[in-house]
Every structure is written in structure tokens, then in C-alpha cells.
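Okay, so here's the structure we're looking at.
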Amino acid sequence: MTGFNLNGTSLLKTKAVNGNTNGDTNGRNNYIAEECPNYSYELIKEIADYFLERTSIRPVIGIICGSGLNSLADHITDTQAFEYKDIPNFPVSTVEGHVGRMIFGYLEGMPVVAMQGRFHYYEGYPLAKCSMPVRVLKLVGIKYLFATNAAGGLNPKYKVGDIMIVRDHINIMGFAGNSPLQGPNDPRFGPRFPPMTNAYDRH
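Quick note on UniProt numbering: the sequence shown kicks off at 1 and runs consecutively.
Dropping the structure here:
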């Protein structure tokens, strides 16, 4: 049971809340994940335009604040913040500690945008929704993306708080047939199968 019929229509009942069609029973707040198979270029551009029409800041760098790393955004100055719940067609984070806010501003004089809170497959969001904010950031204008997260490690020499740099990308979820690229491909977002070799800047 996937939650979709053969036409890709969600079988779940949802209700509209602040422009988002999220349901109402996750026990922590009034939002649960909305199932959506994919997002069109036009819809994602509408979300990007929502920001561009409301701020004069044109970010070059995007920052995704992972679990426990919301304080990264505290260093941003001259900020303009947008609550996820107020952004049309934007998901709402259900994870404790994820603030749920998009912050535009400046970091050491560089225009940036930071996501305080992101979206996870285990919350019930489809991968298309988990990855959708990155596409929004691209259409907002970013050239560089810093993605952070809290992670466990097997090396006993690692200590809590150590900073690790990603060197390679192995899509474990892809082994089970899950991919954020499922659905029709729009070349304006890039190729159908982008190569993941050298995906991360070694510098």
C-alpha cells in the first residue's frame, strides 16, 4: 500500500492549513506529511517567487541547518525570516528541534539563505517533497549549498561535535528503488540521471 492509486493520486485525506494541505494528527503539532509524487517546475518557481517578491536579498549561498545545528543561523545578520507554515505549498517540519523557518540575510557580508529545519522520509514525506526545498533554493539564486546533519559514526576515535566532510555519495535508499528523481523529468532541473562522481567539492 503506497498511498497512491495507479494515476498517482493520493489516497489520503488532507485538509488545508495556511495554504498547505497537511493533515492534523501527528501528536506534536497540527501537521503531518502530505503525500505528493512530484512537483512541477512551475509550482517550485511559484514558491521561489514568493520569497523573491518579499525580500531584496539575493542569496548566493544556501545553508541547510541539520539536527541540533539551528544555531548556525544565529550568525546571520540583517535577517528576514519566513515561517514554513506561512509559505504556500511548502511542507512543515514535524521533528522536535527543527524550528521551521527560512532565513535570508548576510554572513560575513555574503548574501545567504538558511533553512532552520528540513524534511525527512521517515516523517512520511515522499522524497520529492524532501528534496523540493533544494530546488526552491536553486531558483532563488544560490550557487553553493552547505548541507549539514547530525550523524553517528563507527570509528571509536570520533567524538561528539567532530566535524566530518562528505567525500562520496552512496544512495542506500536507492537500493530499495527510492529516489527523489522519480516521476517525469523536467530538463530545467537537470538531467534525468545526474552523475554522483565528484559530487562534492574537495576544497
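Ideal Cβ positions, reconstructed from N, Cα and C, are used throughout, including at glycine.
Residues Leu127, Ala128, Cys130, Ser131 of the same chain have their beta carbon placed closer than 7 Å to that of Pro180, with the five preceding and five following residues left out of the count.
Looking from the CA of Glu53, the closest CA among Lys143, Ile64, Ile87, Ile63 belongs to Ile87. When the five nearest sequence neighbours on each side are left out, the beta carbons in the same chain lying within less than 6 Å of the beta carbon of Phe146 are those of Ile63, in order along the chain. Here Arg188 is exposed, its C-beta having fewer than 16 other C-beta atoms within 10 Å. Only buried fits Pro59, as 16 or more other CB atoms lie within 10 angstroms of its CB.
Under the 8 Å Cβ criterion, the region 70–81 counts as touching the region 94–107, having at least three qualifying pairs. Scanning its chain for C-beta atoms nearer than 6 Å, with the 5 sequence neighbours on each side dropped, one finds around Asn38 the residues Ala128, Gly183, in chain order. Looking at Glu42, Arg192, Val166, Val136, the one whose alpha-carbon comes closest to that of Ala199 is Val166.
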